Structure formats: C-alpha cells, structure tokens
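Let me begin by presenting the structure, written as structure tokens, before commenting on it.
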C-alpha cells in the first residue's frame, strides 16, 4: 500500500542516463496490485524505457481511467503529474491534456475493461484523432478489482476460474487500432521485458498515436488452465513477428545517422530495417516472417487475424508509419503550448469588439 | 380607429425549409434599423423541412421584450396550420394570406380583417424559375407589410443589398419581389393600417444579437483555447460561433497557425472529458451543451468537483425531460446542473438574462473556474441563446487581466517550503495547483477521483476524507462571495418577486401590469449560485416572495429552500413551462391571482 515508503537511498553504482538520473528517479510508489501481477512488470518496463530515453520525468503526463491497470500510473514516474480519471474515459482526458500542451510526452495506461468495454467508444475516437501519445493497455481479459468477470477482450471459450466458458466473441484492440488509423501498433507480453521495453521507447518517441496492447495476466483471476490470457498460454502460443530495437542517438555512428534515410524498406527475413525517429534515434526492426510488411496496416490486420484463427498470438511491432502526422498538425495549432498563451495572444481587444458590435446593428 | 405606433405582435406562419427564415428576418431587422425596439422569437420544429414553423416579432416602443399573448397581425402562409393561425389573432387583428387559393369559409372570422394578396398568382407571370417563385412568396409579403405598416422602404432595400453583397444577381429579383408586394398593397389594401411603425430613438446604442453568439465571444475574449463539444440543439450555434470568430481573430495571419482548438467530440462525455483534460493541463477550456448533454456529463462533473479541476459549461436549456421538446425553451436543468453527479456535489451556476450577460459571464466563468478550481455552468436557454435580442453593446476593458487562480510556476515552487495540492494555505478552501511539466523536482501530484490527503496521496482515512469534504464546503462559501451579486430593486414593499435568466424579459411589463392593479413588488434577479448573502437577506426582509421558474417543479425554489434552509411556505411559485418563453400576462395573472385568493390588500381599488 501507499503507507509503504520506498527507501530514498539507492545503490551508488546504479547507472545514470544522459541527464544524470538513475532508474530510481523514474520510479513511482510501491504497487498495491497483487504479487506477481503482470501490470507491475509493465510499470517496470515503463520505468526502464523512460529512464533509457533520458527524458526528464516531469516532461511526462500520465493519464488513466479506472481499474487495476489504471492504478499503475502511481507506480512509475513519481515526478510527473498523473491523472486517474473516470472509467473508460481516459482517451478524452488524454486528448484534452495533449491539446493543452503538445510539448509533453503523454502516456495513457488503460485496461481491457476500461478500453474495450466501457470505453470502447472513446478508444475508437482517440485513434481517429491521432493524438500524439503512447496508449498502453494492460490486457488481462478480466475485471480484477471486481473479482474475475470476463472483459470484452476475453476469447470465446476461454474459461473463468470456476470453469465457466466465455460465450462471446472478443474485441481485439490491435485490430481496432489498425483499422482506425493508428500510426504505431504493437502487441506485447508483460512476461517479455526484452520485447516490451524497446516497443515502449519507440511508442513514446513515435510522432502520432502509438498503441501497445500488452497481454498482462491476472494472477488472481485469469491465470488458470483454460484461460487464453494466462502466462502459460501466452508463452506457448505467442509468435513474434517484428522485433523492435530502439537505438539511441548517442549510440549511433554519425555517418550511419547521416545515411539512414537511404536505407530501403525492402529487406530479407532476418535482416533489419531502420526507421528514423523524431529525436534522431533509430528504430531498428528485424523481421521474422518474410511475408510481413510492417508498413502495411491492411496486411497487418489480415496477418493478426489469420494467426489468431490458428490459435497464435502475434506479438511485436505490427505497424508503423514514420511519416504520420498528429492531431495538432491536422488542426494547424500554433507550436507554442496552448496553456502558455496569454492575454496578448488570446484576447482580440476592445477595438475588434467595437467592430463586432457594429456588425450587429 | 385610432392609429397606434410601434406597438404590436406580428406572427408569420410558414413551412420549415421554405426559405421563410431569411425573408422574415428582414422584417424585425428593418424595424430595428428604424430605431424601434423589437423582440424576435423563432418557434421552429425539430425538423429540417416540411413541418410548421412560426416567427414572431414583438414591436414595442416602450421596450417590452417579453412574449405577449395574442397576435395582432398574422401572416398565414402554411395551409396546415391555417386554422390555429387564424384562431391566434386577437379580435380586430389582421390576417394576411395568399388568396391564390380560396380561403375555406369555415375558417372565416367576423372579428378580424383580411388582407388577401394573390401572391402565387402574381409571381407566376413574374418569375419563370419555380424555385424562385416559391422563395419570393416570402419576400412579396414583406413588401406588402412595408406599405401596410408604413415602414421605410429604403431600409429594407438597403438590407437586401447588404445581404446579397457578392451575389449581385440576387439583389434585383429580391427587390422586384418586394416591389410587387408593395405595389399590390398600395393598389388594393387599406394602406396604411391603424397599426403602424415610425422611426424612433428607443433602440439607442443597443445591438441585435443572439445569446449564443455573445456567449461564444465571451469565451473567446476570456481566453478559452479549447472548445470541445457535441452538436445539440439549442447550443450548437454557440460552439459554431466560437469557431467562426476564432478563425477570424485567433489565427496568425502569416503562418496560419491557430491559437485555439475547436474539437467536435464523439459525444458529450468525451466533450467534457477533453475540457477537463485540457484544464488540468492549464488551458482554458469550455463546452456548450443542453440538458441531455448535462445528463451525460454528470460523472465527469463530479470528478472535476472532487478532483478540483476548472471547467466551463454553457447549458443552453431546452424542454426536458429526456428528448422533451428539443426546439422549445425551458429552465428545466437547474437541479440537474447544480447537483450534477453522485455523492455530495455542488456546482457554481451563472444565470445570464441578456446577450451582454452571456458575453460577460462567458469570460467571467473562465476566471471563476480557474479561481475556484471547479466547474462553472452558465445556465442560458433556447429563448436567450437562439433568438436575436436587443442588447447593450459588448464591452471589453483592455486593461483586464485573466485571473488564472492559484497556480504555482517553477519560481514559486523554488520558494515554497512544502507543496500540498490540497492544503488550505489561505483559509478560503482553495489550494494551489501546478501544471504538468512545471518543475523537474517539485510540484508534481496525482489527480484522482478517489479520496486523498492534503498532499494528494491516496487515503481511505475517515478523518482525511471528512476534512477534505469540509474544505470543499469552505470553498463553496468562497464561491458565494465571487459569483455575480443578485440585482435588487427595492422600495420597501412587503412582497417581492424573485426571477432569473430569461424571465427578466417580460418582468418590467409584468410589474407595470401589476402596478395598474395596485400591486407593487420589490424585485431580485438572481445571477449566480451559490446564493450570496444579499439573496437571503432580501428574502428575510419580505413577508413572501414570488419565485418565477420556467419549469414545472419550481427548481429555483427548491435550490433556495435547500441551500438557505428557508421556509417553503414563504416562497410562492410562479410557473410556466410549456415550451414558449414566459409572458408578462402569465406572471401578472399568477401574482394577481395569489393576491385575490388570499384577499391581500392592494394599493388602490382596481376599476372593473
């Protein structure tokens, strides 16, 4: 619980990032989730990713809805502002937050109940609006805080802890995001930090709406035999399609950076494609299936669904459009954050009002 | 018959979507430009084409802007409503209609005058295009009225020229249609009628503007940068006016960069969510909606109250409950707005009565929301929002600074010993907040709808919860000192009348009518909620107070009784809620009826 305070001191040899901070500077409060919860692994991955990106913690804004997953913004980035809002409505709050200050890195954390059930409408519309943010779903297929009801992402036939099968077809948020124009779509697994951390880093740095569906088993209510969201099931059924690695600017050979634009998108299986990121870093993609094109959202949708039919959970980066534009560009908003504009920018003044009055005579 | 000047009610009965709106609109605008006070009411159906629509203009040299019962001149252009249109005329009234088809004799009235014009027949030979023939029907009767009522014709022709500037090909045929009507009236009708108009100075400096446009301008001048909304009658035109003026006044001429965001959301939940997200992050944000939208926003409004986030909402009220009568006016959302959300929740309300107050309160609401860190709801209605009303000009003081409330920047944080988001440092119930991204080390906090301590840390401690809820009451008391004071006119009467919003429109006339009956009342116009102490003192000074509500259940009375622990028997409801705006006659008859029923003394004996 929050009564437990983490020690302030840390190991003197903890590595520091480019701005002189350690991983501890990106941590949050002690988690109140169940021991072994997948969500805590996701929070840990977020801590590591943000620390490795060397972004000052206060430059993040964290938003969430309601549920186990939505509690997690307390458990990372203690030095950033966080907003635990209303069930299923994080997308609108995130939209407003991003509209007010486009310079902040916005991270939204939601769950399958929050985004696929009560908030499915808001989820669909934030994808359409292209808000520049990382939208991360901790997907465990169940309602944890109310003790184990099925959520809308739960597979048909997957059983509850008491052995009752789910009667309804699932909503796949990855497919929804691909269909509605998300410019970065990935699926990952809380048990695979090696895959998740680079994806989070790429998602944060992606310019546009980045969505990661993280299958994150619920140890209390959905980790039994018969569940398709258990650690064991996901480990045994997941297939990795595109490995993403995030190469920091600092680690790049300057000549390589200068030439990276020339690298073509065509590559053979096992080879890599480098996608330039806004900060100059490189998103290095290794394709494990030669038939897969990470820049084709229609094919990605098809691929995910075909594999799903065969009982396989496709993970990795599924789609990225490095040229994507965000909501502010679409709306032609001024570059300065709206929350920093003052009277001189905003108020047209009394002379303009005199003219307006005259137009109503 | 004696001639009267600038004192009548004219009503136009048309079919929705027949192009009558622009022609009818010319009529009051011409009178307004002749300096004559007009009040305009557009009674339109929830429909785009085909259903009946009425346009009513009250012309009043004395400046009575409320609705008056009965019609003096009826322009009956809709066969479907012909019967009720004829019936709506007062005895001695005038019925202007198209005689191209004969009037059914069953609808004849002996106590009215008919002004028949063969409009369709005349147009048949003048215009070959059937669409033009249909549109110009409306223009022909405006031409005829100009002659019948002795209007200044060039005022109308100038308006046509202005209206169609850039589409010059339309000017000539419009003026021709006006002249056809004018000539027919001159040749065949008893011009001018004993009901006439004449140039006046009664309008003065006032402008003719709708409350929604004025409210949007208030938000724009008040520094709103985010407008998130969902289309709903009768608030849509407020959001759209904001965009229109922002595109004119908030766009960098060189770069085309916009210093605002106008976002149509997928529903009202999202609209208020965007507003709250933006305001949490330090932008001034608002939404415009109506009753059904308020219903959808309640959960978020509760969050904003409890998590203490500014939000500005224009509620342009319409007739409820449910979808109700979506194109009819009402003041039916008071309780829904005042206590929107579960738990102990209360919201600051502002009650504009005029377009200039829509403007003033639009800007003020943004200041109040920031100062009080809570939602502020502006309670307009369809009557005020969608009709052009005479209004004092909009005024802005260039020296005015926005009040962004208690916000700490990076320098402030350096100097603060201990930052606690919900610490009541100043004893007014309002803590200090920070925007995300302000300082690398200090001032971050977690915003939540769950209970927390003064340092924004989650807690379920009974003491911390109760202390927080009590502090919100302290803030509520502060709010009562900051909302606009009630407007009081007092001459020491024992009885008084309390009203708000658009009930102000007929009030002066109602008081004049009551005075003729020997009833004098002190008045108080409520402009904000929570009520200031002047409201309770005023009520305490009077034996009884009429409370005028445009809703069935006396919602303002409920608010007064609840918040002020007042004796309900002292507050006498005056009610009208059938979809039109309350008339002077309604107020007069209910107040007068109460005096009669209670055998209350009057100042003088009424002549029977």
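Chains as they are written, first to last, in this note's numbering: chain A, 544 to 904; chain B, 284 to 891. Ideal Cβ positions, reconstructed from N, Cα and C, are used throughout, including at glycine. Note that the coordinates shown come from a computational prediction; the quantities given were computed from them, not determined experimentally.
So which of 703(B), 666(B) and 736(B) has the shortest CA-CA distance to residue 495(B)?
Here the question's residue 495(B) lines up with position 212 in the second chain. Per the Cα distances, 666(B).
Taking only beta-carbon positions, decide if residue 509(B) is within less than 7 Å of chain A.
Taking the first residue of the second chain as 1, we reach residue 509(B) at position 226. Against chain A, the CB of residue 509(B) has a partner CB under 7 Å away; the residue lies at that interface.
Residues bridged to residue 679(A) by DSSP?
In the first chain, counting from the first residue as 1, residue 679(A) sits at position 136. According to DSSP, which records beta bridges pairwise, residue 679(A) is partnered with 652(A) and 755(A).
Examine chain B for any beta-carbon lying closer than 7 Å to the beta-carbon of residue 560(A), and answer yes or no.
Within the first chain, numbered from 1, the residue matching residue 560(A) stands at position 17. Chain B, which has no Cβ nearer than 7 Å to the Cβ of residue 560(A), makes this no.
Pull the bridge partners of residue 702(A) from the DSSP assignment, please.
The sequence position of residue 702(A) within the first chain is 159, counting from 1. Residue 702(A) pairs with 708(A).
Nearest-angstrom Cα distance between residue 831(B) and residue 670(A)?
Against the second chain, residue 831(B) aligns to sequence position 548. Against the first chain, residue 670(A) aligns to sequence position 127. Roughly 47 Å separates the two Cα atoms.
Residue 506(B) versus chain A: which residues are under 9 Å apart at the beta carbon?
Here residue 506(B) is taken as the residue at index 223 of the second chain, counted from 1. The answer, in chain order, is 884, 885, 886, 888, 889 and 890.
Between residue 637(A) and residue 560(B), how many whole angstroms is the CB-CB distance? I'm expecting something under 8 Å.
Along the first chain, one-based indexing puts residue 637(A) at 94. Along the second chain, one-based indexing puts residue 560(B) at 277. 6 Å between Cβ atoms; contact.
Pick from 342(B), 428(B), 593(B) and 598(B) that is closest to residue 551(B), judged by C-alpha positions
In the second chain, counting from the first residue as 1, residue 551(B) sits at position 268. Nearest option by C-alpha distance: 598(B).
Return yes when the C-beta of residue 617(B) is under 6 Å from any heavy atom of the ligand MN, and no when it is not.
By its list of ligands, the structure shown contains no ligand whatsoever, and the ligand MN lies outside what it can speak to.
When you compare only the Cα positions, how much space is there between residue 622(A) and residue 550(A)?
Within the first chain, the letter at position 79 stands for residue 622(A). Within the first chain, the letter at position 7 stands for residue 550(A). Their Cα atoms are separated by approximately 16 Å.
Can you find the residues in the same chain that come closer than 7 Å, C-beta to C-beta, to residue 310(B), ignoring five residues on each side of it along the sequence?
Taking the second chain and counting its residues from 1, the one referred to as residue 310(B) is at position 27. Only 340, 425 and 428 meet the Cβ criterion.
Which residue spans inside the stretch 481–557 of chain B form an unbroken beta strand (DSSP E) run of at least 3?
490–493, 509–512 and 544–547
Beta-carbon within less than 7 Å of residue 800(A)'s beta-carbon, same chain only, minus the 5 sequence neighbours each way: which residues are those?
Numbered from its first residue, the first chain carries residue 800(A) at position 257. A caution first: residue 800(A) carries a pLDDT of 48, below 50, which makes its placement in the model too unreliable to give a value.
Cβ neighbours of residue 875(B) in the same chain (closer than 6 Å, five flanking residues each side left out):
Within the second chain, residue 875(B) is the residue found at index 592, counting from 1. Taking residue 875(B) as the centre and dropping the five residues before and after it, the same chain places the C-beta of 800 closer than 6 Å to its C-beta, in chain order.
Residue 741(A) touches chain B at which residues, Cβ-Cβ below 9 Å?
Here the question's residue 741(A) lines up with position 198 in the first chain. None at all; the shortest Cβ gap to chain B is about 25 Å.
Show which residues of chain A have a CB atom less than 9 Å away from the CB atom of residue 731(B).
Position 448 of the second chain, counted from the start, is the residue given in the question as residue 731(B). Here the neighbours are 617, 625, 626, 627 and 628.
Residue 594(B) to residue 813(B), Cα distance in whole Å?
For the purposes of this step, residue 594(B) is taken as residue 311 along the second chain, with counting starting at 1. For the purposes of this step, residue 813(B) is taken as residue 530 along the second chain, with counting starting at 1. If I take the Cα positions, the gap works out to 17 Å.
How would you call residue 807(A), buried or exposed, if buried means at least 16 neighbouring beta carbons within 10 angstroms?
As a first step, residue 807(A) is located in the first chain; it is residue number 264 there, counting from the start. Unreliable positioning characterises residue 807(A) in this predicted model, as indicated by a pLDDT of 38, which lies under 50. A coordinate reading is not provided.
For residue 448(B), would you say it is in contact with chain A, using Cβ-to-Cβ distances shorter than 7 Å as the test?
Walking along the second chain from the start, residue 448(B) turns up at place 165. Chain A contact via Cβ: absent.
Taking only the alpha-carbon atoms, compute the straight-line gap between residue 736(A) and residue 721(B) and give it to the nearest angstrom.
In the first chain, counting from the first residue as 1, residue 736(A) sits at position 193. In the second chain, counting from the first residue as 1, residue 721(B) sits at position 438. Answer to the nearest angstrom: the Cα atoms are 31 Å apart.
Examine chain B for any beta-carbon lying closer than 7 Å to the beta-carbon of residue 898(A), and answer yes or no.
Numbered from its first residue, the first chain carries residue 898(A) at position 355. At a cut-off of 7 Å between C-beta atoms, residue 898(A) does not count as an interface residue with respect to chain B.
Is residue 603(A) closer than 7 Å to residue 650(A) when the C-beta atoms are compared?
Looking up residue 650(A) in the first chain gives position 107. Looking up residue 603(A) in the first chain gives position 60. Closer than 7 Å, so yes.
Does residue 553(A) pass the burial test, meaning 16 or more other C-beta atoms within 10 Å, or should it be called exposed?
As a working note, residue 553(A) is residue 10 in the first chain. Burial call: exposed.
Assigned secondary structure, residue 559(A) (DSSP; H/G/I helix, E/B strand, else coil):
As a position in the first chain, residue 559(A) is number 16, starting the count at 1. Correct three-state label for residue 559(A): coil.
With DSSP as the reference, label residue 800(A) as helix, strand or coil.
Translated into the one-based positions of the first chain, residue 800(A) becomes position 257. Any reading at residue 800(A) must be qualified, since the residue scores a pLDDT of 48, below 50, and its modelled position is unreliable; no value is offered.
Residue range of the beta strand (DSSP E) that residue 787(A) falls in?
Within the first chain, residue 787(A) is the residue found at index 244, counting from 1. Element bounds for residue 787(A): 781–790.
By the criterion of Cβ-Cβ separation under 9 Å, what are the contact partners of residue 565(B) in chain A?
Here residue 565(B) corresponds to residue number 282 of the second chain, with the count starting at 1. Simply 643, 644, 880, 881, 882 and 883.
Leaving aside the five residues before and after residue 909(B) along the sequence, list all residues of the same chain whose C-beta is less than 6 Å from its C-beta, in chain order.
Residue 909(B) lies beyond the range of chain B shown here (284 to 891); nothing can be said about it.
Secondary structure at residue 351(B), three-state DSSP: helix, strand or coil?
By 1-based counting over the second chain, the position of residue 351(B) is 68. Residue state, collapsed to three classes: coil.
Helix, strand or coil for residue 759(B), going by three-state DSSP, please let me know.
Locating residue 759(B) in the second chain gives position 476, counting from the first residue. Helix at residue 759(B).
Would you say residue 818(A) faces chain B, with C-beta separation under 7 Å as the test?
Indexing the first chain from 1 puts residue 818(A) at position 275. So, not an interface residue.
Quick one, which residues of the stretch 696–708 of chain A are near chain B if we go by CB-CB under 7 Å, in chain order?
Sequence-ordered contacts of the stretch 696–708 of chain A with chain B are nonexistent [C-beta pairs closer than 7 Å].
Could you tell me the alpha carbon to alpha carbon distance between residue 749(B) and residue 680(B), rounded to whole angstroms?
One-based indexing of the second chain puts residue 749(B) at position 466. One-based indexing of the second chain puts residue 680(B) at position 397. Going from the Cα of residue 749(B) to the Cα of residue 680(B) covers about 42 Å.
Selected residue, minimal CA-CA separation from residue 672(B), among 390(B), 372(B), 785(B) and 824(B):
Position 389 of the second chain holds residue 672(B). For the residues 390(B), 372(B), 785(B) and 824(B), the minimum Cα distance to residue 672(B) belongs to 785(B).
Are the Cβ atoms of residue 684(A) and residue 696(A) separated by less than 7 Å?
Start at 1 with the first residue of the first chain, and residue 684(A) comes out as number 141. Start at 1 with the first residue of the first chain, and residue 696(A) comes out as number 153. Cβ atoms of residue 684(A) and residue 696(A): closer than 7 Å.
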